[in-house]
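As structure tokens, the structure follows; a few thoughts come after it.
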């Protein structure tokens, strides 16, 4: 039995909404007077007041064992980050207790405490200390950190002169070399290019597997959760829906959220997924319904359409390939399609792919889209961009069941019958 | 089988008032050093005069005080050479007011860091005060240079009480950080405090013998005046360096007790609320 490192009991977090105004001080003082001086219990929140409150977390219980890497998944606002913040001691729970063993380091953002005027070298030392290392440790790992970040040449330049990519790389490099027993990572990998993300995930995997450290990891990148974690926690509206093996948790997450993942679009590129080169404007899966049946079943042809902003091509004009991959729920790649090379510069890149009807098996699928340059390096990957449930259509027939096979193509089988003529 | 585990840490909604976790500060002394370094370096980056601003600032203030209060308004300086008088007043006062006004912004100015990383929050006001102590010492060296000139020419008499300087500095710094920590907690929720404090700080400067000696206060207000913990500190400084008589020597003890009291309350208030205020920051 491996030992527990974190035990959370009935964690709840309650927030007061609304603006702080002139009434706040009066109400606060009144409440304080009632509670501390007159020793009265505060009245329960009445109905009118309850609109001003939100439970960001409600009665969360879990136990994490040493060496586990746990992925936290859920929609925006489901309470994932709140939970990590409580474990990181940044905010207090409204009720409940968390107990733990070992040193915690949290990486809720890359480059916390980086000072633009200081050089890369000075920032490594400062940032390392903010994250809980002592100076000797940082200095001992200094070369390793610099090598990982790949910014050797600029190490004595103030970080305000860094490109955003260099900044992120340096910041993550510091965090990746933290010497803690529990590492908390919140969605920090959304920045940086695909290669660097891969490197970071690799580093985290190494840390958890080889050094037996515990990792708590929030990401919208389900592929990353699947690759890195051996457990997952699914939160929805502050409640813990499920806790267990990542595959089944991710499945139940996708099933529950599937309605919203047929389309994603972003109005401006500042907050769109992507990096310094390419950002996603639109991904959309359009079912081509035939005969007015409007559920997606295995006969329905699907059109996957995407548009993205090319913010900067790394060269003036550059050849890129678009890669579309379709995954089943369990993470198996059903197919991978690569486009022809296309020359791009700044502008809008769009494309679509036709998935014929009578090809996919029934089940849930998600499509990831990525871009590659002509050296075979990934520029950006948008995993699980859309997810879809493909239904079977032969309900109420004896054949209604999941068929074997990754796909269920309707290739004609040449079947002949001849009545055997007995002599 | 019930697993009995000994836990290293435990997070709960409430803390007992005596859980001050003072020892944590020593674990993070490297971070304090780095913060101080960062403040000192970053503050003068990309300025032509660099570190000289540290000396120019009190110099200008001194000349300004000298012009206004000595030449135009003609307030007595108790026979102390006006330049020395104003310079000591201005560097002592700015040590106090800089410590206070930087530590009271502990939460507001560091919200982005506090929102992402945990370390004992007291590290921030502590490193602020240490930063300003370093600045003060640099300014003090400059003061000593001018002071030596006056000593050699026989205009002021140094005394053995000069050795009290570290004690006086600790008092000022502790008082400033104490008030700063309390204010920082409240300011995290009510930004109005900022306006009030800016006003109060200016007010306190005028009821503290910074630009005038305590001796010119009328007899009936003296006691109230000396209850201000800063008054005995500044007056003791003058007695030590300029040999002027100290009117109420015992008030330095009252000042010390006040400072200790304020600091202790500050520790309790700060520790109890340092994480709680994050919800309202």
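Chains as they are written, first to last, in the working numbering: chain A, 5 to 427; chain B, 714 to 994.
Backbone N, C-alpha and C define an ideal beta-carbon position, used for all residues, glycine too.
As the structure is a prediction and not an experimental result, all values here were calculated from the model.
message: Taking a contact to mean a Cβ-Cβ separation below 8 Å, would you say residue 208 of chain A touches residue 226 of chain A in this structure?
response: no
message: Which of the three DSSP states is assigned to residue 35 of chain A in this structure?
response: helix
task: Put residue 944 of chain B into one of helix, strand or coil per three-state DSSP.
output: helix
task: Return the chain-ordered list of same chain residues with a C-beta closer than 8 Å to the C-beta of residue 839 of chain B, the five sequence neighbours on each side being excluded.
output: 738, 745, 890
Contact set between residue 283 of chain A and chain B, taken where Cβ atoms lie within less than 7 Å: Correct list: empty, because the minimum Cβ distance to chain B is about 24 Å.
message: According to DSSP, simplified to helix, strand and coil, what is residue 414 of chain A?
response: coil
task: Please look up how many angstroms separate the CB atoms of residue 957 of chain B and residue 793 of chain B, rounded, as I've assumed it's under 8 Å.
output: 6 Å
field: Helix, strand or coil at residue 844 of chain B according to DSSP, with G and I counted as helix
entry: helix
task: Report the residue ranges of all alpha helix (DSSP H) runs contained in full by the segment 890-953 of chain B; include only those spanning at least 4 residues, in chain order.
output: 905-919, 935-940
message: Against residue 743 of chain B, what residues of chain A qualify as contacts under a CB-to-CB distance less than 8 Å, listed in chain order?
response: 133, 138, 139
message: Which residues in chain A have a C-beta closer than 9 Å to the C-beta of residue 991 of chain B? List them in chain order.
response: 89, 94, 95, 96
- request: Mind listing the chain A neighbours of residue 751 of chain B? Cutoff is C-beta to C-beta under 8 Å, in chain order.
  value: 119, 122, 126, 130
- prompt: Taking the beta strand (DSSP E) that residue 387 of chain A falls in, what are its first and last residues?
  reply: 382-394
message: Cutting at 6 Å between CB atoms, please list the residues of its own chain near residue 783 of chain B, excluding the five before and the five after it.
response: 795
query: Fully enclosed by the segment 809-892 of chain B, which alpha helix (DSSP H) runs are 4 residues long or longer?
result: 819-822, 824-827, 836-865
N- and C-terminal bounds of the beta strand (DSSP E) containing residue 377 of chain A: 367-377
task: Could you tell me which uninterrupted alpha helix (DSSP H) segments, each at least 4 residues in length, are contained entirely in the segment 47-123 of chain A, listed from first to last along the chain?
output: 51-54, 84-91
task: With 8 Å as the C-beta to C-beta threshold (strictly closer), list the residues of the segment 807-833 of chain B near chain A in chain order.
output: 825, 826, 827, 828, 829, 830, 831, 832
message: Give me the subset of the segment 63-89 of chain A whose CB atoms are less than 7 Å from a CB atom of chain B, sorted by chain position.
response: none
message: Against chain A, does residue 983 of chain B count as a neighbour if the rule is that its beta carbon must be under 8 Å from one of theirs?
response: no
query: Should the segment 124-138 of chain A be regarded as contacting the segment 850-861 of chain B, the criterion being three or more beta carbon pairs within less than 8 Å?
result: no
query: DSSP three-state call for residue 351 of chain A: helix, strand or coil?
result: strand
- request: Note down, in chain order, every chain B residue with its Cβ under 8 Å from the Cβ of residue 99 of chain A.
  value: 726
Proximity winner among B:725, B:799, B:808, relative to residue 951 of chain B (alpha-carbon distances): B:799
message: Quick check: is the beta carbon of residue 149 of chain A nearer than 8 Å to any beta carbon in chain B?
response: no
message: Counting only Cβ pairs nearer than 7 Å, list the residues of chain B close to residue 116 of chain A.
response: 826, 829, 830
task: Note the first and the last residue of the continuous beta strand (DSSP E) segment covering residue 288 of chain A.
output: 282-291
message: Using 8 Å for Cβ pairs, my map puts residue 88 of chain A next to residue 15 of chain A. What's the rounded Cβ distance?
response: So it is not a contact: roughly 12 Å between Cβ atoms.
- prompt: So which of B:896, B:978, B:769 has the shortest CA-CA distance to residue 911 of chain B?
  reply: B:896
task: Starting from the Cα of residue 736 of chain B, find the closest Cα among B:913, B:836, B:904 and give me that residue.
output: B:836
message: When you compare the segment 142-162 of chain A with the segment 767-780 of chain B, are there three or more beta-carbon pairs, one atom per stretch, that lie closer than 8 Å?
response: no
field: Sequence-distant residues of its chain with Cβ nearer than 6 Å to residue 52 of chain A (five each side left out)
entry: Low confidence applies to residue 52 of chain A: its pLDDT is 43, below 50, so where it sits in the model is not reliable enough to give any reading.
message: Tell me the DSSP secondary structure of residue 734 of chain B in three-state form.
response: coil
message: Following a CB-centred definition, is residue 878 of chain B positioned closer than 7 Å to any heavy atom of the ligand FMN?
response: Only the bare structure without any ligand can be found here, which leaves the ligand FMN out of the picture.
task: Answer yes or no: does any C-beta atom of chain B fall closer than 8 Å to that of residue 2 of chain A?
output: Given a span of 5 to 427 for chain A in the structure shown, any question on residue 2 of chain A remains unanswerable.
query: Would you call the CB atoms of residue 953 of chain B and residue 872 of chain B closer than 8 Å?
result: yes
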